[in-house]
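Trainee:
Take a look at the structure:
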C-alpha cells in the first residue's frame, strides 16, 4: 500500500521563504510520522523527488532512523513521481489565463481556493 502525504482536504501549511532541510525534517516529523503510525506502518520504504533538501546527509540519516529504507533515483522518473503531475495541475489552475496576483496574501487565498477544487 502506498500513502501520499497531501493532507487533503486540509490546507497544507505554506512555507515562508525557502524551505531548508531542518524545517523539512520538522514537517516530516509532525505530519508524516503520525500518519505512518496511524496506518501501523513498520516495514517502510520512503520515496521523495530528490531536491537538495531531501537528499542532504542530515535528512538521509533522519529518514533512515525514522522511516526505514529510502527509494532513491526512481523518483526522478515521471512514472514514479506522481506529485509532479499534481503540482503541475495545481500551478496551471492558480495561474489560469496568465493570472497575476497583487500580493502574497491574494496568492495564498488563490492557493486555498484551488486546493479545495482539486479532486483526489
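Numbering (the working numbering), first residue to last: 36 to 155.
Just so it is clear, CB atoms sit at the ideal spot from N, CA and C, and this is done for glycine as well.
(1) Measuring straight from C-alpha to C-alpha, what distance separates residue 98 and residue 63?
(2) Compare the beta carbon distance of residue 165 and residue 101 with 8 Å and say whether it is the shorter of the two.
(3) With a threshold of 6 Å on Cβ separation, who are the neighbours of residue 80 within its own chain once the five nearest residues in sequence on each side are excluded?
(4) Assuming residue 125 and residue 141 are in contact, meaning their beta carbons sit under 8 Å apart, how far apart are those beta carbons, in whole angstroms?
(5) Identify which residue in 73, 91, 70, 144 has its Cα closest to the Cα of residue 58.
(6) Tell me the residue span of the beta strand (DSSP E) that contains residue 104.
(7) Helix, strand or coil for residue 82 per DSSP?
(8) In whole angstroms, what separates the C-alpha of residue 60 from that of residue 131?
(9) Between the alpha carbons of residue 70 and residue 134, how many angstroms are there, rounded?
(10) Note down the Cα distance separating residue 94 from residue 87, rounded to an integer number of angstroms.
(11) Roughly how many angstroms lie between the CA atoms of residue 65 and residue 74, to the nearest whole one?
Mentor: So, from the data block:
(1) 9 Å
(2) Absent from the model: residue 165. The displayed extent of the chain is 36 to 155, so no value can be given.
(3) 104, 106
(4) About 17 Å separates the two Cβ atoms, so there is no contact after all.
(5) 91
(6) 104-106
(7) strand
(8) 32 Å
(9) 35 Å
(10) 10 Å
(11) 15 Å
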